[in-house]
Amino acid sequence: MKALILLLVLLSTLSFGQTLPVVVDNSKWFPPAGVQYWNSCGPYSLAILKTYIWNRHYGRDTELPENQFSPYCVWNLNVSPVFNGISQNDAFYSMKEQGVVTVKDFNFAGESEEIMPSLKARENALSFRSKSYNEISLGVHSILQAQEYIKELKDSLNKGICFSLHFPLFKSIDKLYEPNQSVYSYENNLETDMYASHIATVVGYNDTIKTKSGRGAFKILNSWGKVFGEDGYFYLDYNWFNMPRMGFACYFLEEDFDHRAELCLSLELTQSISGEDIDNRKYLFVDVLKNIQGKNLDFIDWNAYSAGRNIVSVKSINKKKIDVSNEIIYINNHDHIGSHSMMSDLTDYIKSSDFQSLELIVNDPVSATYVGQDDQIIYSFVREAKSQIANQRIKFLNTDKIIIGKVIDLPDTTISVNDFYSRVAGVYLTPQVWEEIYVKSCTSVLKRKLVTFSIAEIQSDVTPVIVNPGTLYANTNKTFTYQFEAGDSNNNPITFSLLTSLPEAQLTSDGKLSFKSDKVNIYKFTVVATNGYSSVSLLVTVRVNFETGAASARKSDYSIIAYPNLVVNNLNIELLMKNAGSVNLTLYDLQGRQVDIVAQGEYLVGKNTINYNASHLRSGTYVCRFKTDGFNQSIKIIKK
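When you number the sequence shown by numbering that gives the first Met the number 0, it's gap-free, plus one each residue, and the end is 639.
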């Protein structure tokens, strides 16, 4: 209880002795109720709590997508590809280092954890990094202590300090899907009847709510859709806190409203150690030890595993050596094939006006051998090291200036370390050990690449922008064709290619994709677009299903053309529709920002002509995206 009181003192001055209101409701600052993806309730709750904090601080309209943080962003980037989960600590760590993208930048409803926010959306998110996170476990307590907890939490809510809450689930929760049911009452439930636990966001309380054990309940915004409770909200009976062993915990979030990202480091790594490899503790190696209280420890043991993974690390900034065991480079965990799109905010380490140089090392392990105290081999491996680097750049945000990094292949490096402790290597003992174990020696052979950035190489950004979405849908035994579109600010010609070959996919230099598979599967490959000066890549996911439903729409059935396509004032757009349906025509600039909605509504089978007044557009190149059920296509529009 002391810990909880201390936290609330830090967040706001407590008002013991004052009478609290009967009802407190902060829901007007929260987004509408949504639906979580699988067991993503923890990061989902933190994202909507973050939305609340920002909206309340600035008095923003909660209905606008730019004022809502995506509840799926943190989950999709970091969910374990093996264990299908993410801890609250790791979720917050991602929010602290990466920020959270807005719904405007990632308008995604949770259909798949394989869909990722764009690099541009993640770049924008760097100015929305969280500051601190506090978890308070209520633990085993008496009924008297429970009443004190309730009082303190109500006081917090009265001051506008909302929080996420971890609580037990019993079968009675399902009653809240029924009409006029919104109270989750305590009914002297037994621990043995609990079937799961859940995390949701507490927005207020109401002392007048009638429960089966009395009156009073916390008001909670859930993540099971508007069909649950009252428009997605429900009331949690105070008496649940009388259960001393239910593992209640509160999660408080503090935001940084003053941070503005100035420098952004981005890097793409392919054919590297995958997220699945990391979760399965494969291809372990040691390149540095960290001494904690006189004990040498493998660095990755003492940092968030996804962040501290020693695949990539910054070596120096402005020629000042950086401890190789740094956390500047953040590697998102959700990956199946060794493709990592990394993005880091350098502003904490160097201001944009002071930047001169940066060096980083990419490690690709060839082999490693761990030897135990008895001189027996604990773990060893040999693998082919073939990782590739792409799109390595430092961007000076809010300007058009970038630095493209130079990649230098280094000789293979052998590193030997002795007398240290490792937690991860214990999984290779029989029986498995999930605590730290002593390692007598470890010898690692690494293939290394040095990436250097120098202010002398600064240039204006003419990087191409690929305007297509990263997820496509195809059907078995059908050739699926798709046109990729890209452009840059100088209207240079763009050439497309695949970073690595895939038997099912062929891509022409002008961006036409042909894809065919005879089985239901998820395929991933990287499309590269270059203008001869710089390049950009897009990780593409093709989800292949049996031929059925709207997903069977093909380009021959739908199309869009626009003329004259050096438009002065009026633009004519023709849509060919196989089926009648809902259409959305949206205009974007080459930075991926929405400029205008050209058309939106229901359109008939056959040819539909739309007249668009483009006189208000500035001169330049735009992208018009045509979306209808099961099909989308983008074309370039040039305004004189």
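Yeah, the Cβ is synthetic: ideal placement off N, Cα and C, and Gly gets one too.
On a predicted model such as this, the values are computed, not experimentally measured, just so you know.
Reference residue i; option with closest CA among the options
{"i": "threonine 413", "options": "Phe284, Gln180 and Leu584", "result": "Phe284"}
{"i": "serine 340", "options": "Val311, Lys318, Asp363 and Gln355", "result": "Val311"}
{"i": "arginine 617", "options": "Ser366, Asn205, Asn568 and Tyr57", "result": "Asn568"}
{"i": "lysine 446", "options": "Leu164, Ser366 and Lys405", "result": "Ser366"}
{"i": "valine 361", "options": "Asn397, Leu345, Lys314 and Gln355", "result": "Lys314"}
{"i": "cysteine 263", "options": "Tyr232, Asp278, Asp399 and Asn38", "result": "Asp399"}
{"i": "asparagine 631", "options": "Leu252, Ser93 and Leu574", "result": "Leu574"}
{"i": "lysine 170", "options": "Gln146, Ser155, Asp154 and Ala195", "result": "Ala195"}
{"i": "glycine 274", "options": "Lys638, Ile85, Asp517 and Thr627", "result": "Ile85"}
{"i": "phenylalanine 247", "options": "Ser500, Glu254, Ile436 and Asn238", "result": "Asn238"}
{"i": "leucine 396", "options": "Ile327, Asp104, Asp236 and Arg121", "result": "Arg121"}
{"i": "threonine 585", "options": "Val597, Met576, Ala579 and Lys577", "result": "Val597"}
{"i": "glycine 371", "options": "Pro410, Asn417 and Gln593", "result": "Asn417"}
{"i": "tyrosine 36", "options": "Ile52, Asn309, Leu19 and Cys72", "result": "Cys72"}
{"i": "asparagine 77", "options": "Asn66, Ser534 and Tyr92", "result": "Tyr92"}
{"i": "threonine 462", "options": "Pro492, Gly469 and Tyr369", "result": "Pro492"}
{"i": "aspartate 595", "options": "Leu164, Glu254, Cys441 and Val622", "result": "Val622"}
{"i": "serine 117", "options": "Gln270, Tyr232, Ser421 and Ser69", "result": "Ser69"}
Assumed close pair residue i, residue j - CB separation to whole angstroms, cut-off 8 Å
{"i": "cysteine 249", "j": "isoleucine 135", "result": "5 Å"}
{"i": "alanine 424", "j": "isoleucine 377", "result": "6 Å"}
{"i": "asparagine 188", "j": "tyrosine 234", "result": "Wrong, their Cβ atoms sit about 16 Å apart, outside the cutoff."}
{"i": "leucine 152", "j": "histidine 197", "result": "That pair is no contact at about 17 Å."}
{"i": "tyrosine 132", "j": "leucine 252", "result": "6 Å"}
{"i": "serine 338", "j": "lysine 523", "result": "7 Å"}
CB of residue i within 8 Å of CB of residue j, strictly
{"i": "valine 81", "j": "alanine 46", "result": "no"}
{"i": "alanine 32", "j": "aspartate 230", "result": "yes"}
{"i": "phenylalanine 495", "j": "valine 519", "result": "no"}
{"i": "isoleucine 454", "j": "glutamine 391", "result": "no"}
{"i": "alanine 528", "j": "isoleucine 465", "result": "yes"}
{"i": "threonine 200", "j": "leucine 220", "result": "yes"}
{"i": "asparagine 106", "j": "proline 64", "result": "yes"}
{"i": "glutamate 113", "j": "threonine 540", "result": "yes"}
{"i": "glycine 580", "j": "aspartate 628", "result": "yes"}
{"i": "tyrosine 348", "j": "isoleucine 316", "result": "yes"}
{"i": "lysine 218", "j": "aspartate 24", "result": "yes"}
Assigned exposure category for residue i - 16 Cβ within 10 Å defines buried
{"i": "asparagine 474", "result": "buried"}
{"i": "aspartate 509", "result": "exposed"}
{"i": "serine 129", "result": "buried"}
{"i": "aspartate 322", "result": "exposed"}
{"i": "lysine 448", "result": "buried"}
{"i": "tryptophan 28", "result": "buried"}
{"i": "isoleucine 636", "result": "buried"}
{"i": "leucine 143", "result": "exposed"}
{"i": "histidine 56", "result": "exposed"}
{"i": "phenylalanine 166", "result": "buried"}
{"i": "tyrosine 282", "result": "buried"}
{"i": "valine 21", "result": "exposed"}
{"i": "glutamine 97", "result": "buried"}
{"i": "tryptophan 301", "result": "Model confidence at tryptophan 301 stands at a pLDDT of 49, short of 50, so the residue's coordinates are unreliable; what they give is reported in the following sentence. The residue is exposed, with fewer than 16 neighbouring Cβ atoms inside 10 Å."}
{"i": "glycine 203", "result": "buried"}
{"i": "phenylalanine 256", "result": "exposed"}
{"i": "tyrosine 611", "result": "buried"}
{"i": "isoleucine 407", "result": "exposed"}
{"i": "tyrosine 472", "result": "buried"}
{"i": "isoleucine 291", "result": "exposed"}
{"i": "proline 364", "result": "buried"}
Where residue i sits in the DSSP three-state scheme
{"i": "aspartate 373", "result": "coil"}
{"i": "aspartate 628", "result": "coil"}
{"i": "glycine 337", "result": "coil"}
{"i": "isoleucine 142", "result": "helix"}
{"i": "histidine 165", "result": "strand"}
{"i": "isoleucine 328", "result": "coil"}
{"i": "proline 64", "result": "helix"}
{"i": "isoleucine 596", "result": "strand"}
{"i": "valine 622", "result": "strand"}
{"i": "aspartate 509", "result": "coil"}
{"i": "phenylalanine 298", "result": "helix"}
{"i": "glycine 648", "result": "Absent from the model: residue 648. The displayed extent of the chain is 0 to 639, so no value can be given."}
{"i": "phenylalanine 105", "result": "coil"}
{"i": "serine 533", "result": "coil"}
{"i": "methionine 576", "result": "strand"}
{"i": "alanine 424", "result": "helix"}
{"i": "valine 566", "result": "strand"}
{"i": "methionine 342", "result": "strand"}
{"i": "proline 42", "result": "helix"}
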